[in-house]
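Quick notes on the structure that follows.
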Amino acid sequence: MNDMENHLYEFRMKLLRGEGCDMPEGIDGAHVACYASASTYEAAVKKGVVAASHMHYVFDNIEGDVREIPVASWGAYVEKVWPEFASHFPSQDELPSLVEQGIVFFGPFAGFKK
Numbered sequence: 030m031n032d033m034e035n036h037l038y039e040f041r042m043k044l045l046r047g048e049g050c051d052m053p054e055g056i057d058g059a060h061v062a063c064y065a066s067a068s069t070y071e072a073a074v075k076k077g078v079v080a081a082s083h084m085h086y087v088f089d090n091i092e093g094d095v096r097e098i099p100v101a102s103w104g105a106y107v108e109k110v111w112p113e114f115a116s117h118f119p120s121q122d123e124l125p126s127l128v129e130q131g132i133v134f135f136g137p138f139a140g141f142k143k
């Protein structure tokens, strides 16, 4: 197997309101699942943090473990974990080429107040 091959990683991030972010008034931050494809989990986390900063969020921390999600079982994963948001995510057919391209995407954001 090629060590430079991209894999899909999932991790939960705690993000804080940044200047210019699209967050409702009165909300101080959000918890969100980030899905990032990279050759290592460290590279995936870095890509997720950069993507969040481009959306004007301030990265606070990673909550819990970083997990690799097998691309071949993505459809079953979405049906189990996010059934009500399935249309928000790439389809099983779309995902392999997106992972090859190094995609980063997010699940639903859950806002919080301090």
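So for the sequence shown, my numbering puts the first residue at 30; every next one is plus one.
Glycine included, every Cβ here is placed at the ideal spot set by N, Cα and C.
As the structure is a prediction and not an experimental result, all values here were calculated from the model.
Between residue i and residue j, which are expected to be in contact by the criterion C-beta below 8 Å, what is the C-beta distance as a whole number of angstroms?
| i | j | result |
| --- | --- | --- |
| GLY49 | HIS85 | 4 Å |
| GLY58 | PHE141 | 6 Å |
Can you tell me whether residue i is buried or exposed, with buried defined as 16 or more other CB within 10 angstroms of its CB?
| i | result |
| --- | --- |
| PHE118 | buried |
| ALA67 | buried |
| MET52 | buried |
| MET30 | Only weak support is given to the placement of MET30: the predicted model assigns it a pLDDT of 43, under 50, and the value that follows is read from those uncertain coordinates. Under this definition MET30 is an exposed residue. |
| ASN90 | exposed |
Are residue i and residue j close, meaning C-beta to C-beta below 8 Å?
| i | j | result |
| --- | --- | --- |
| VAL78 | PHE138 | no |
| ALA73 | MET42 | no |
| VAL144 | LEU45 | The structure shown has nothing for residue 144, since the chain only spans 30 to 143. |
| PHE134 | VAL95 | no |
| VAL87 | GLY47 | yes |
Pick out whichever of the options has its Cα sitting closest to the Cα of residue i.
| i | options | result |
| --- | --- | --- |
| GLY136 | THR69, SER116, LYS75, SER102 | SER116 |
| ALA101 | LYS76, MET52, GLU123, VAL74 | GLU123 |
| GLN121 | PRO112, ALA105, GLY58 | ALA105 |
| ILE98 | PHE88, ILE91, LYS109, ASP89 | LYS109 |
| PRO125 | LYS143, PHE114, VAL107, TRP103 | TRP103 |
| THR69 | ASN35, PRO112, GLU113, TRP111 | ASN35 |
Which two residues bound the contiguous alpha helix (DSSP H) that contains residue i?
| i | result |
| --- | --- |
| PRO125 | 124 to 130 |
Could you give the first and the last residue of the continuous beta strand (DSSP E) run that contains residue i?
| i | result |
| --- | --- |
| LYS43 | 36 to 46 |
| SER66 | 58 to 67 |
| GLY93 | 86 to 98 |
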